[in-house]
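Below you'll find the structure, written out as structure tokens, and then a few comments.
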Ligand SMILES: [Zn+2]
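Numbering (this note's numbering), first residue to last: 89 to 411.
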């Protein structure tokens, strides 16, 4: 079970107030391993990097990011996160005076101050949805404790040039009102779990978590953040095999038909990939598990594309509709 820890809790009188504090790498008694061990230095199995806030217990194997570090930028180790961070700064300068949407809530500032996912409530939420924390981090997903004042998972929305144009936020505080809230101009971009430029096959989904679900199981994916797409998207997919993997509901089917029309002039081969259980591809991942979804998608991602198409036709008809 994942547990969120704070430095205050580790240093508290009730826990381990005498942990040596002079070093960058500190050691604490681990509150997750049980309280029946001797409370001495030999049993300080939890190791904390005070620069990054990342902790790991060498006895029980749990790890995470201390609560005090959630709002600090994470700018080491993860190259992709670093690149996205730089893009955010660059595009922040060029769009500084833009739009009334951004005026009241400085979303770029919140994005720059966001943390990595590991050890946050965002990671716990994604784990419940079947998404590995490390995988989500490599796709640029981050966490903020203060997205419109609430804890949320942040999905970067980039334009065709890879510049940040918006953030799609998914709240993780369990409040029923407004589960998601975006900032910036999301209509200008997509959240991509895969590199649009290099993938010969791409699936287009509605939500960022659907994109993570498919990409995690081997299908390159990008999310429109809704049922309408950025104007530049069809041209950027020229000549590719495109699976329209929108939700299995009326708006999803309608969007699939319109998107197909938009893609055809760009010599795309377009097929519908419709969830066969639940409403969306995260439902499939949660209900059937990653192994089943991976097996299912394996045939779709085989190249050359023509072979993939032939294989599709042998699948149950409720799984896909060729449109
Ligand atoms: Zn432990």
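Cβ atoms here follow ideal geometry from the backbone N, Cα and C, with glycine treated the same way.
Residue i CB to nearest heavy atom of ligand 1 below 7 Å
i	result
residue 98	no
residue 438	Because the chain here runs from 89 to 411, residue 438 falls outside it and cannot be looked at.
residue 135	no
residue 150	yes
C-alpha gap between residue i and residue j, whole angstroms
i	j	result
residue 107	residue 127	11 Å
residue 171	residue 230	Note that residue 171 scores 34 on pLDDT, short of 50, meaning its location in the model is unreliable; the coordinates nonetheless yield the value given after this. Distance between the alpha carbons of residue 171 and residue 230: 13 Å.
residue 203	residue 211	11 Å
residue 379	residue 220	14 Å
residue 274	residue 318	8 Å
residue 245	residue 343	20 Å
residue 187	residue 116	Low confidence applies to residue 187: its pLDDT is 40, below 50, so where it sits in the model is not reliable, and the reading given next is rough at best. The alpha-carbon atoms of residue 187 and residue 116 are separated by roughly 48 Å.
residue 287	residue 313	20 Å
residue 112	residue 139	7 Å
residue 130	residue 249	53 Å
residue 272	residue 157	25 Å
residue 350	residue 298	22 Å
residue 260	residue 324	33 Å
Opening and closing residue of the alpha helix (DSSP H) in which residue i lies
i	result
residue 219	Segment: none, residue 219 is in no alpha helix (DSSP H) and carries neither H nor E.
residue 230	Taken as a continuous stretch (DSSP letters only), residue 230 belongs to no alpha helix (DSSP H), being part of the beta strand (DSSP E) at 230 to 235.
residue 96	95 to 99
residue 324	321 to 324
Nearest-angstrom Cβ-Cβ length linking residue i and residue j, presumed shorter than 8 Å
i	j	result
residue 315	residue 340	7 Å
residue 300	residue 281	5 Å
Extent of the continuous beta strand (DSSP E) run through residue i
i	result
residue 301	Per DSSP, residue 301 belongs to no beta strand (DSSP E); it is in the alpha helix (DSSP H), 296 to 304.
residue 246	238 to 246
residue 137	134 to 137
Under the three-state DSSP convention, the category residue i falls into
i	result
residue 363	coil
residue 353	helix
residue 275	helix
residue 172	Confidence in residue 172 is poor, its pLDDT being 36 and thus under 50, which makes the residue's placement too unreliable to answer from.
residue 129	helix
residue 108	coil
residue 262	coil
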